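K.L.:
Counting with the UniProt record's numbering, you get residues 1 to 250 for the letters of the sequence shown. For each residue, glycine too, the CB sits at the ideal point set by N, CA and C. All values derive from a computational prediction rather than experimental measurement.
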Amino acid sequence: MPGSEEGTPLLSAPASSQRGSYATNSSGEDVVQMTLAWHGIRVTKPGPVDRVILDNINGLAEPKQVVALMGASGAGKTTLLNALMGRNLNGLEVTGETIIGGSSELKIGDVSGYVQQEELFLPTLTVYEHLMIQGGIRLAGLKKSDIKQRISEIMDELGLFKCRDSIIGLSGIKKGISGGEAKRLMVASILLDNPSIIFLDEPTTGLDSHMAQYLMNTLKRLAAGGRTIVCTIHQPSSRIFNMLDVVGRN
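Here you go:
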């Protein structure tokens, strides 16, 4: 697991933190840039004898970077991602410090979005219908015309206009959009909140080499617009590996 040796930093990067500066992305939208740092993260499973899953994990992810947490299956990549987000811990105990934008007071859920590995869609909806429903929930209070404008900007940024009116479908059951389009649709949903930090769990899993590269190019563009991207990746191709800005691993 990345940085699992005691006292070993996960990432080699400066120890500075950045908060509150703005960057303008390709859609002309202002993004609040946030650095994410974590120190001494320890995850244990309580029991008669506590089982240590991760110990003394340190790292830093900065704006305009795509940071990958790498390791073998079962090494704890997703557990670390969940620990940083404070979610899906299922009774695990987490200690250590997470600093967002130089502050330990900010809540990660207020500035981040999460793209999980599993797709959770209503398969009978079209791409546009899904985003309109998400927009109504995430952008409650905005005019419908403003929500539509925001959705159009995101669809353009993520290359989803081609499948705008396509049924999402369900793999193996109902024919629909491709795996790469489905993954980008998941990213589009969380972009409605304009997060500073984006977490992704195994975003390229199940994608062929072309779709995986397209998705990574998309993440690189989002990072270039000022966002901080943190993802777990298992056995990336050399091409995907070379697209990463910082890699944490053994």
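Between Arg150 and Val127, which are expected to be in contact by the criterion C-beta below 8 Å, what is the C-beta distance as a whole number of angstroms?
P.N.:
With 8 Å as the limit, Arg150 and Val127 do not qualify as a contact, their Cβ atoms being about 15 Å apart.
K.L.:
Residues in the same chain with beta-carbon distance under 6 Å from Ile173, minus the five sequence neighbours each way, listed in chain order, please.
P.N.:
none
K.L.:
Identify every residue that forms a DSSP beta bridge with Glu93.
P.N.:
Thr44
K.L.:
Quick check: the Cα distance between Gly226 and Arg51, rounded to an integer number of angstroms?
P.N.:
38 Å
K.L.:
Check the DSSP bridge columns for Met216 and list the partner residues they point to.
P.N.:
The partner list for Met216 (beta bridge, DSSP) is empty, contrary to what the question assumes.
K.L.:
Do Met70 and Ile233 count as a contact pair if the criterion is CB distance below 8 Å?
P.N.:
yes
K.L.:
Measuring straight from C-alpha to C-alpha, what distance separates Met211 and Asn82?
P.N.:
25 Å
K.L.:
When burial is assigned at 16 or more other CB atoms within 10 Å of the CB, is residue 252 buried or exposed?
P.N.:
Nothing in the structure corresponds to residue 252, since the chain is present only between 1 and 250.
K.L.:
Should Asp110 go down as buried or exposed, given a rule of 16 or more other Cβ atoms within 10 Å for buried?
P.N.:
exposed
K.L.:
Is it true that the CB of Leu215 sits closer than 8 Å to the CB of Leu207?
P.N.:
yes
K.L.:
Can you tell me which of the three DSSP states Leu170 falls into?
P.N.:
strand
K.L.:
State the DSSP-derived secondary structure class of Asn82, mapped to helix, strand or coil.
P.N.:
helix
K.L.:
Should Ile133 go down as buried or exposed, given a rule of 16 or more other Cβ atoms within 10 Å for buried?
P.N.:
Around the beta-carbon of Ile133, fewer than 16 other beta-carbon atoms lie within 10 Å, marking it exposed.
K.L.:
Can you find at least 3 beta carbon pairs, one from the segment 111-123 and one from the segment 40-49, that sit closer than 8 Å?
P.N.:
no
K.L.:
Could you tell me which of Asn56, Ile53, Ser171, Ala61 sits nearest to Gln33, measuring between CA atoms?
P.N.:
Here the closest residue by C-alpha is Ala61.
K.L.:
Could you give the DSSP three-state label for Arg150: helix, strand or coil?
P.N.:
In the three-state DSSP reduction, Arg150 falls in the helix class (H, G or I).
K.L.:
Does DSSP classify Asn242 as helix, strand or coil?
P.N.:
helix
K.L.:
Note the first and the last residue of the continuous alpha helix (DSSP H) segment covering Ile190.
P.N.:
179-191
K.L.:
Please classify His234: does DSSP put it in a helix, a strand, or coil?
P.N.:
coil
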